[in-house]
Amino acid sequence: MKKVIFLAALGLSVMAQAAEPGYFKTLVAEQADATKGQTQLYNLDYYADGSLLLLSSYSTASKDEVGLHFNGDTYQGGTASKLGLQALTNAFMAKVDKEGTVLWTVPDTTYQFDLGGSVNMATKDGGAIFAQKMRNKKGRYVTFINVHDNTSFVTESNNITASYERTSTMTADPNDSYAWAGLAQDEANNIYLAGYQADTLFPTWMDTIAMRPNNWNGNAQQKSSNCNTVIIKYDSHMKYLAYVINSDDLVYDRPVSMHYENGKLYVVGTYKNSTESGIYAAAYGTDLKREFIEYHPIKGNLQFQQTKFEKGRIYICGGISKGSITIGEKTISTSGNMNNGLVYVINQANGKALNADIHAAANDALNITVAAFPTATGVIAYNHETLNGIQMAFNYDEDLTLVSIDTLGTGGGSSTISCVARNADATQTAIGCRARTAADYLLLGQTFNFADITNWYSVLATLNTKSPSTAIESIQLPATRTEKFIQNGQLLIRHNGKVYNVAGGLME
175 MKKVIFLAAL GLSVMAQAAE PGYFKTLVAE QADATKGQTQ LYNLDYYADG SLLLLSSYST
235 ASKDEVGLHF NGDTYQGGTA SKLGLQALTN AFMAKVDKEG TVLWTVPDTT YQFDLGGSVN
295 MATKDGGAIF AQKMRNKKGR YVTFINVHDN TSFVTESNNI TASYERTSTM TADPNDSYAW
355 AGLAQDEANN IYLAGYQADT LFPTWMDTIA MRPNNWNGNA QQKSSNCNTV IIKYDSHMKY
415 LAYVINSDDL VYDRPVSMHY ENGKLYVVGT YKNSTESGIY AAAYGTDLKR EFIEYHPIKG
475 NLQFQQTKFE KGRIYICGGI SKGSITIGEK TISTSGNMNN GLVYVINQAN GKALNADIHA
535 AANDALNITV AAFPTATGVI AYNHETLNGI QMAFNYDEDL TLVSIDTLGT GGGSSTISCV
595 ARNADATQTA IGCRARTAAD YLLLGQTFNF ADITNWYSVL ATLNTKSPST AIESIQLPAT
655 RTEKFIQNGQ LLIRHNGKVY NVAGGLME
């Protein structure tokens, strides 16, 4: 039987109608005052036992103000006026077991939290590491929240709050020129942090990290155009050990994800040199010595979502607009002016490109592919069309030819998928979605309609991937597929595995 958790966020007052059998719990994460911001689900990460780690945020004006309702409990936040803000963004982590029971929560109300520049990770001891980009009235910092799952919990106002320690704080450039993108843990429990910085990091507990000279002018609006990848290694107690930067001759490079497996760190990111830009894939040993790096030039504007590392493949997802991708003899191009959904597949062992697919939405709506995973017959990718309010599962064959499309969610205003995770044995997938307005939102058989919501809320659904599909609609695509590509300056057509020129002549 398929089991589904629902986590509804931001302004919930009415729950889903008539939960179908197998839906086992509804968790509520509500922004108490929608005028101060929203509760946004940002990241999901599975533990080995099937528990799930959530990362979210909520906003408050003062420390005495209730900013979040979650699982029947209330959470206060920090004071915004100390930083000259109208609302302070607070960080929030929670761990839930396979049945949807909340095991612990960590509300962090100390600093202004940057959701897009922070990253968290489920650790092997059942706890979590959270690398937080933040600032207080003294400046901008990088801090780590280290949650020890085997330590005692403290109870505050009936909340299950995990005990944790803040470790390894380092000072960052005051111009906001840094962000974090990846965390990893090896067999010795060493921790690796990947991010980018346009200027020098000035830690208080180690030597200065000297970034690659890039003639950055200090303009925070140009930080991503002059940044440099950095990987930092810590021991199991978060004590600094070493760091490495990408010293190649580039205009910029910045990571988007990192993964550890069998003695190697695999890092994926974006780059620009004097003539091209695109995606890079690199591998490092635990001594931070680089073993390879491959640069993949791509034409157009890239937007990254999630990257998954499974079964020797790297699945990079996001969007691409006004561009094209060439891999070997295959060239695929975008259509329209908005983002087309992107799946880009790389061989994890050597960083070489294997395949790619670009998907355009109907009526030129914004289209984004959030995450992709291998299946027994090919690849499954989770995609949304923002303006059309549709969330879908794309089922590909092994050649990355689209075979069928399952509609998972519809309605709810401009509803989207925000994050996706899959457990270690690929039996369960967690999908976080956002929706808004009082319009009906239909997701995997459940209908949501919150008449008093004028802003966004989020829904987290976990489903058993080996059960029959709960798709609203499934469309089977024709087996015969036609594809246009350019080879040696000549336009060719591939149809049913054969290649023809534009005149219809078969190419040998």
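According to the numbering used here, the sequence shown is numbered sequentially starting from 175. Even glycine gets a Cβ: it sits at the ideal position worked out from N, Cα and C. For clarity, every value in this text was computed on a predicted model and none was experimentally measured.
Sequence-distant residues of its chain with Cβ nearer than 6 Å to Ala455 (five each side left out)
So the list reads Val442, Glu468, Ile520 and Gly525, once near-sequence residues are dropped.
Ile472: first and last residue of the uninterrupted beta strand (DSSP E) it sits in:
First-last for Ile472: undefined, no H or E at that position.
Cβ-based neighbour list, Asn333, same chain, cut-off 7 Å, excluding 5 preceding and 5 following:
Low local confidence applies: a pLDDT of 43 at Asn333 is under 50, so the model's placement there is unreliable, with the coordinate-based value given in what follows. Excluding residues within five positions, the ones whose Cβ falls inside 7 Å are Asp247, Tyr249 and Thr279.
Could you tell me the boundaries of the beta strand (DSSP E) in which Ala230 lies?
Inspection of the sequence shows that residue 230 is occupied by Ser rather than by Ala. First-last of the beta strand (DSSP E) with Ser230: Leu226 to Thr234.
So what does Asn514 bridge to, in DSSP terms?
DSSP lists Ile494 as partners of Asn514.
For Ala595, list the residues DSSP reports as bridge partners.
Looking at the DSSP output, Ala595 bridges to Ala604.
Buried/exposed call for Asp599, threshold 16 Cβ in 10 Å
With fewer than 16 other Cβ atoms within 10 Å, it is exposed.
Do you know offhand how far Tyr352's Cα is from Cys401's?
Between Tyr352 and Cys401, the alpha-carbon positions lie close to 8 Å from each other.
Sheet register partners of Met432 (DSSP bridge)
Under DSSP, Met432 forms a beta bridge with Val441.
Is the separation between the beta-carbon of Val544 and that of Asn529 shorter than 8 Å?
No, they are not a contact pair.
C-beta contact flag for Ser448 and Val418 at 8 Å:
Ser448 is not a Cβ neighbour of Val418, given a cutoff of 8 Å.
Measuring CB atoms only, is the stretch 257–267 touching the stretch 225–242, in the sense that at least three cross pairs come out at less than 8 Å?
Touching, per the Cβ criterion.
Specify the secondary structure class of Leu289 as computed by DSSP and reduced to three states.
Three-state result, Leu289: helix.
Coil, strand or helix - Ala362 by DSSP
Here Ala362 sits in coil by DSSP.
Sequence-distant residues of its chain with Cβ nearer than 7 Å to Leu617 (five each side left out)
Closer than 7 Å at Cβ, skipping near neighbours: Leu582, Gly583, Cys607, Val633 and Ala635.
Applying the 10 Å Cβ sphere with the 16-neighbour rule, what's the burial state of Ala222?
Result: exposed.
Of all the options Leu516, Pro548 and Ala550, which has the alpha carbon lying nearest to the alpha carbon of Ala534?
Comparing Cα-Cα distances from Ala534 to each of Leu516, Pro548 and Ala550, the minimum goes to Leu516.
Less than 8 Å separating the beta-carbons of Gly497 and Lys473?
Closer than 8 Å, so yes.
Could you tell me the distance, in whole angstroms, from the CA atom of Gly587 to the CA atom of Gly493?
Near 21 Å, if we compare the C-alpha coordinates of Gly493 and Gly587.
State buried or exposed for Phe622, treating a residue as buried only when at least 16 other CB atoms are found within 10 Å of its CB.
Result: buried.
How about His470 and Gly452: do their beta carbons lie closer than 8 Å?
Going by C-beta atoms, His470 is nearer than 8 Å to Gly452.
In whole angstroms, what is the alpha-carbon distance linking Val577 and Val553?
When rounded, the distance between both Cα atoms is 10 Å.
Where in the stretch 246–310 do unbroken runs of the alpha helix (DSSP H), each at least 4 residues long, occur, reported from the N-terminal end onward?
Runs of the alpha helix (DSSP H) inside the stretch 246–310: none found.
Any idea if Ala523 is buried or exposed, counting beta-carbon neighbours within 10 angstroms, 16 or more meaning buried?
Result: exposed.
In the DSSP assignment, find the beta strand (DSSP E) that holds Val418 and state where it starts and stops.
Element bounds for Val418: Tyr414 to Ile419.
Return the bridge partner residues of Asn521 from the DSSP annotation.
Per the DSSP secondary-structure output, Asn521 pairs in a beta bridge with Arg487.
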